[in-house]
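Below is one structure, written out as structure tokens; the observations come after it.
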């Protein structure tokens, strides 16, 4: 099959488009014909070796964890899916090798849920990792409750934009940091935008003089120190970007696959509670350009790689 792969760590230039071995489908997996695969910052961080301490690479590595596609072959132990089922997935394993930037992916059923019927393939591909991250942090770690005030950093980004929508759905007041060009976008999601950068603390205090009940950090660095000083008594702080959060009394979190959570997100999408904004799409052979675009760090919503539905492979 055709895929994007890399045989060593490095910049976008190590990504090559070409033939790789067809995936083998284990008993607890299904073979998915990929229609779209979203790009996430973790993809280029993994490609550059930043995750080497926790995820061993098996070269050549096919990158990508997000997928939308169609089941073409269930594994021998799979009763949940049939041929032709449309699915989405956060297809992460405990090593780097069999990713979603390919014509096909062998996806463990624990990573999948049915595709929201009202989303395009591109929108659906952008939901799993970002949506699961937002959902698990808001519901399980921050335990956001109705009437609370939540500060979401990078509120126009992939995770941030879904966190704004989910936080609002939970009945919280959501304040979101964003560049001025994205303020209307954040308002459209249900959030109250504030410009990040110098003076952020004062701007947030102007909206929440008593402090915020919870902070969802997707940026790290200086945002953590500012966030810690903005918390109300008993406030909670979680970061998905910087494990130094523990020095400020918060918690670092790495999203995990959960089919129940993913199905709930699919249902929320069908109910119109959450949507996915696709900022830009690239064909599979231009995945290196998609990585470059992601590394610029100015994405509104998601960047998605599309796969030719007529492509031949496994």
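In this note's numbering, the protein residues as written are 1096 to 1409.
Don't be surprised by glycine CBs; every beta carbon is placed ideally from N, CA and C.
The structure presented is a predicted model; accordingly, all values stated were derived computationally and were not measured.
Q: Leaving aside the five residues before and after residue 1144 along the sequence, list all residues of the same chain whose C-beta is less than 6 Å from its C-beta, in chain order.
A: 1104
Q: Name the residue from 1249, 1308 and 1166 whose alpha carbon lies nearest to the alpha carbon of residue 1236.
A: 1308
Q) Rounded C-beta distance between residue 1131 and residue 1216? I'm assuming under 8 Å. A) Contact holds; Cβ gap of about 4 Å.
Q. Hey, out of 1207, 1189, 1268 and 1341, whose CA is closest to residue 1303's CA?
A. Closest in C-alpha terms to residue 1303, from the list 1207, 1189, 1268 and 1341, comes 1268.
Q. Residues in its own chain within less than 6 Å of residue 1379 by CB, not counting five upstream and five downstream?
A. 1400 and 1402
Q) Hey, would you say residue 1417 sits closer than 7 Å to residue 1219, going by beta carbons? A) Since the first residue shown for the chain is 1096 and the last is 1409, residue 1417 is missing from the structure and cannot be characterised.
Q) Could you give the C-beta distance for residue 1150 and residue 1177, rounded to a whole number, given that I count them as a contact under 8 Å? A) Contact flag wrong, Cβ pair sits at about 31 Å.
Q | Residue environment, residue 1157, which counts as buried when at least 16 other CB atoms sit within 10 Å | A | buried
Q: Going by DSSP, name the residue or residues bridged to residue 1410.
A: Past the boundaries of the shown model lies residue 1410; the chain is included only from 1096 to 1409, so the question cannot be answered.
Q | Local conformation of residue 1230 per DSSP, three classes | A | helix
Q: Check each candidate in 1286, 1280, 1109 and 1264 and name the one with the smallest Cα separation from residue 1411.
A: What the structure shows of the chain is the stretch from 1096 to 1409, and residue 1411 is not part of that stretch, so it cannot be assessed.
Q | Exposure of residue 1394, with buried meaning 16 or more beta-carbon neighbours within 10 Å | A | buried
Q.
I need the boundaries of the alpha helix (DSSP H) containing residue 1301, first residue and last residue.
A. 1295 to 1302
Q: Can you grab the Cα-Cα spacing for the pair residue 1361 / residue 1257, in whole Å?
A: 13 Å
Q.
With DSSP as the reference, identify every bridge partner of residue 1097, one or two as the case may be.
A. 1114
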